[in-house]
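Undergrad: Under the UniProt record's numbering, the letters of the sequence shown match residues 1 to 322, in that order.
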Amino acid sequence: MATSSSQETSTHQATTPTLSSIGQHKTAFKYSLKQLWQTPLSTWITLAAIAIALSLPAGLHLLLLNLKTLTDDKREIPTISLFMQQNITEQQAKDRAELLSDLNEIDHVLVVTRDDALEKFKQLTGFAETLETLKENPLPHVLVITPRMRLINNPEVDLAKLARQLELYSDVDVVQMDIEWVQRLLAILHIADRSVLVISFLLALTVLLVVGNTIRLNIENRKEEIEVTKLIGATNAYIRRPFLYGGIWYGLFGGILSLVIVHFSLLFLISPVNDLARLYGSHFTISGLDVTATLFILAISSVLGLLGAQLAVGKHLRQIAV
């Protein structure tokens, strides 16, 4: 019996601190949330500043992802367009296409006659009546070449080499690689990626400063309360806890508000982007943030809020002497 009683006492002593710690966290959790709603104006100003700082890199990152989907689609089947000389007839263009089809590097050749090109141009631009007034069709015949990708080890080098060979034909006026603009766009996107990283880092520092300054003001406003709490034996961890939870709330709610801003920005852009895509005969549509990106933004915003609060609390609590 003595042994059993001793075991019960030791078990109670082991569980009591844990329950006490959990209870303190629950109290700090509720108290920090209550403090936010007791000062709605300052809370909303802080959340708006955090949301704007987070929505800018999130929106730029989403823009880059949508642009990369365009380049990914184009990189699947790179083509080379041969614009024939203006005096080349349709039959001569077809003969040239037949000769090119026999080359090992070429998979197939599509002949786009000047009449077909003009008809398509009318549909895209809507200038049918104006173009009807032209005495002659100003557009040349075009050969659209699809290379055999299985014979190409390095697309950038081998396609450029093939294009230089095609330029040697006397009946070819201009050779255009449809992958060239994609390569230029990829170079621009690479620079944009680095720029977004820099902007994200600077705006993350902004979030830290905003949360840190807000927590600092909260500490100043509750200075007397903190001093009294210290006098009755409260530890720094106990005093620090509500402010840390407050930082997490600021970060989390600011992240949610930033997602709302990004979402409504996308809704505002969908219609004009779809109209532009239709003009170019594309089915491109803007895609929004997926679940992973959404959770990542919320996690990052919460961590930034916690870090900002930690920096402010660690510095300013030490300055409050009892």
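C-beta atoms are modelled at their ideal positions from N, C-alpha and C, and glycine is treated no differently.
Small disclaimer: the values here were computed from a predicted structure and weren't measured.
1. Touching or not, the stretch 214-225 and the stretch 241-251, by the rule of three or more beta carbon pairs under 8 Å?
2. Ignore the nearest five residues each way along the sequence and tell me which others in T79's own chain have a CB closer than 7 Å to its CB.
3. Spatial neighbours of V262 within its chain, please: C-beta separation below 7 Å, excluding the five flanking residues on both sides.
4. Within 10 Å of its beta-carbon, does R194 have 16 or more other beta-carbons around it, so buried, or fewer, so exposed?
5. Using the Cα positions of Y88 and V111, report the straight-line distance between them to the nearest angstrom.
6. Can you say whether G305 is buried or exposed, counting buried as having 16 or more other CB atoms within 10 angstroms of its CB?
7. Nearest to L118 by CA position, among F284, L269, A299 and V142, is which residue?
8. Run through the stretch 79-103 for me and flag every whole beta strand (DSSP E) of 3 or more residues, listed as ranges in chain order.
9. Beta strand (DSSP E) containing L143: first to last residue?
10. What do you get for G308, buried or exposed, if any count of 16 or more other CB atoms within 10 angstroms of its CB means buried?
11. Would you check if there are 3 or more beta carbon pairs closer than 8 Å linking the stretch 28-37 to the stretch 229-243?
12. Give the list of continuous alpha helix (DSSP H) stretches no shorter than 4 residues that lie fully inside the stretch 224-276.
13. Determine the burial state of I50: buried for a count of at least 16 other Cβ atoms within 10 Å of its Cβ, exposed for fewer.
14. State the beta-bridge partners of H283 as determined by DSSP.
15. So, is T46 buried or exposed, given that buried needs 16 or more other C-beta atoms within 10 angstroms?
16. Using the rule of at least 16 other Cβ atoms within 10 Å of the residue's Cβ for burial, across every protein chain shown, is T3 buried or exposed?
TA: Let me lay it out:
1. yes
2. V144, I145, T146 and D178
3. S55, A58, G59, L62 and L289
4. exposed
5. Position check: residue 88 holds Ile in this sequence, whereas Tyr was assumed. Going from the Cα of I88 to the Cα of V111 covers about 13 Å.
6. Answer is buried; the Cβ neighbour count reaches 16.
7. V142
8. 80-84
9. V142 to P147
10. buried
11. yes
12. none
13. I50 comes out buried.
14. Bridge partners of H283: none, in fact.
15. buried
16. Because T3 sits at a pLDDT of 42, beneath the cut-off of 50, its placement in the model cannot be relied upon, and the point is left open.
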